[in-house]
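So the protein sequences, as listed, match chains A and B.
Mapping to the working numbering: the first sequence position 66 is 66, numbers consecutive.
Heads up, the working numbering is the position in the second sequence plus 148, with the first residue counted as 1.
Positions of the beta carbon are idealized from the N, C-alpha and C atoms, including for glycine.
Quick caveat, the model's predicted, so the values are computed rather than measured.
Heads up, the thing below is written out as structure tokens.
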Amino acid sequence: MAMTNPGSRITQGTFSFLHDLTDDEIKAQVEYCLSQGWAVNVEFTDDPHPRNTYWEMWGLPMFDVKDPAAILYEVNECRKAFPHHYIRVTGFDSTRGWETPRLSFIVNRPTEEEPGFRLIRTEDEGRTIRYTIQPYVTEEKPENERYR
Amino acid sequence: MIQEVNPEDLPENQEEEQPAEVLPDDTPIDLEEEFKASNVQEVLDKLDQELIGLAPIKQRIREIAALLLVDRARQQMNLTTETPTLHMCFTGNPGTGKTTVAMRMAEILHRLEYVRQGHLVAVTRDDLVGQYIGHTAPKTKEVLKKAMGGVLFIDEAYYLYRPENERDYGQEAIEILLQVMENNRDDLVVILAGYKEKMDRFFQSNPGMRSRIAHHLDFPDYGENELMEIAKMMMRDLNYEFSPEAEEAFREYIQRRMQMPHFANARSVRNAIDRARLRQANRLFAGDTKNLKKQDLKTIEPEDIRASSVFQEGVPDPDPALSQ
Ligand SMILES: Nc1ncnc2c1ncn2[C@@H]1O[C@H](COP(=O)(O)OP(=O)(O)OP(=O)(O)O)[C@@H](O)[C@H]1O
Ligand SMILES: [Mg+2]
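The following block contains the structure:
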């Protein structure tokens, strides 16, 4: 883990084991989404729990933009408004039968050092142990006050 | 084992600004070749063929194309790194071809790689300005995003600014526009269009807008002969033709119509043709419907034109949809 994922960077979506994508790399991915006819969304959250599936939407899904610069514009607006949040870009395929995100990747992280997760062990009947994880940042701080 | 990761090793931190290579002054450059490779001539030729008259506009467009081509060559030689400002202003009376030329301009900019996609998004005040507080910014940004990679054409741009109402939401749209015109010069080109006098007044009250416009193109009104040429071209495209007497009648129609209010140059011609086609259809139905020939379906006769109220009452034809 430590070798592939230095620190405790969360690894959700595509490319999350790589270095942070540059703006040009983000544009190239968005270009691909647009070429497939997917609607691109910008979403943000400050709850890094992997089961936190539905992030907040930044504006509406962008159904009829032609150029990745438009998406990057919104990414940057979102970065300005939520510098201490995770931000991701999602390509949504509305084609019948898919109707689901086809690509999703992180474009903003709240801090250099992400504190990671506490492993919680609960003893159950017999000697069973149940495991769960809790992000350190959500333990005490409410939404919008984390990562500062 | 914990592996230290040095931020300098991360790829995103490695693309140090390379000092631009200084090329020797005698580095060859074949402008002719560049010009051919861009296929811009094709668009310029199409512009020449499809648009009657407009000589000064065509000349300006050729000059702009040359400027952009040289600028691109200068970029290749590292003589400049800046994206030139390309925002434009088209002034002229209604129906003088502003929208049509803007569409061609988008194509030219696309071929010279100054816009990535080459589409044109045409809007007016209503598409940019909202109805209540907080409505305008998202609306304007939505339009700007659609236009990115192409050309944003704002018709009658001066209606964005309503000095009589200091709380008009148009001002908000202007401010967002100004910001994007400056910061996203690589991403879209804005063309403002409208009547000359109103546009001049608009620029007087919005100097920020004026300073962001690089090219002003003023569209002249068409003369009688040009309007006839335009009419014949429109007829050809629709597979109609004037009989010799009808051509004479149409010329007379234009002479009269030009003197009347709300004359809209080529658009008035298009509307007159549409009405003539309507009358022709009625005439054919009212006549001997069993013995028509292909030629009859193609031909506009003088009575299809002379029935117009331009001749009958000396006023433009009343038609709400085609009031111009
Ligand atoms: N020089 C020309 N040759 C042939 N057709 C023309 C020419 N100029 C304009 N037209 C035709 O006239 C019609 C109106 O032109 P266009 O919409 O470009 O005018 P406009 O200047 O944008 O008018 P407005 O200010 O009213 O929007 C179009 O159908 C266009 O094809
Ligand atoms: Mg127009």
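Query, Result
"I want to verify the contact list: residues of chain A whose CB lies under 8 Å from the CB of B:D335, in sequence order.", "D67, A69, A70 and Y73"
"Quick one, which residues of the segment 48-68 of chain A are near chain B if we go by CB-CB under 9 Å, in chain order?", "G59, L60, M62, D64, V65, K66, D67 and P68"
"Would you check whether ligand 2 has a heavy atom nearer than 7 Å to the C-beta of B:K346?", "no"
"Roughly how many angstroms lie between the CA atoms of B:E320 and B:E169, to the nearest whole one?", "43 Å"
"For the beta strand (DSSP E) containing B:H267, name the first residue and the last one.", "Where B:H267 is concerned, there is no enclosing beta strand (DSSP E), given that its DSSP letter is neither H nor E."
"Check whether the Cβ of B:R310 lies closer than 8 Å to any Cβ atom in chain A.", "no"
"Within the same chain, show all residues whose beta-carbon is closer than 8 Å to that of A:P61, passing over the 5 residues directly before and after it, in chain order.", "A39, V40, N41 and F92"
"Keeping to the same chain, check which residues put their C-beta closer than 8 Å to that of B:F367; ignore five residues upstream and five downstream.", "L202, I205, F238, T239, G240, N241, T244, G245, K246 and V249"
"So with CB distances below 8 Å, who are the chain A contacts of B:M296?", "V65, K66, D67, A69, A70 and Y73"
"Return the bridge partner residues of A:N41 from the DSSP annotation.", "A:T90"
"With a cut-off of 6 Å, give the chain-ordered residues whose Cβ is closer than this to any heavy atom of ligand 2.", "B:K246, B:T247 and B:D303"
"Excluding sequence positions up to five away, which residues of its chain have a Cβ less than 6 Å from the Cβ of A:P68?", "K27, V30 and E31"
"Check the Cβ of B:K293 against every Cβ in chain A and list those closer than 7 Å, keeping chain order.", "M62, V65, A70 and Y73"
"Are the CB atoms of A:T90 and A:E43 within a distance shorter than 8 Å?", "yes"
"Excluding the five sequence neighbours on either side, which residues of its own chain have a C-beta within less than 6 Å of the C-beta of A:T132, listed in chain order?", "I120"
"Determine the DSSP secondary structure at A:F105, reduced to helix, strand or coil.", "strand"
"Using CA atoms only, rank isn't needed, just tell me which of B:E312, B:V271 and B:R418 is closest to B:V291.", "B:V271"
"For B:R405, does the count of other Cβ atoms within 10 angstroms reach 16, so buried, or fall short, so exposed?", "buried"
"Quick check on B:D335: buried or exposed, where buried means 16 or more other Cβ atoms within 10 Å of its Cβ?", "buried"
"Quick one: grab the DSSP three-state call for A:F82.", "coil"
"Can you name the residues of chain A whose CB is closer than 8 Å to the CB of B:H267?", "K66"
"Tell whether a beta-carbon distance below 8 Å holds between B:N413 and B:D385.", "no"
"Could you check whether B:T233 and B:R360 sit closer than 8 Å to each other, using their CB atoms as the reference points?", "yes"
"Kindly indicate if chain A contains any beta-carbon less than 8 Å away from that of B:N373.", "no"
"Of all the options A:S104, A:W55 and A:G59, which has the alpha carbon lying nearest to the alpha carbon of A:N76?", "A:G59"
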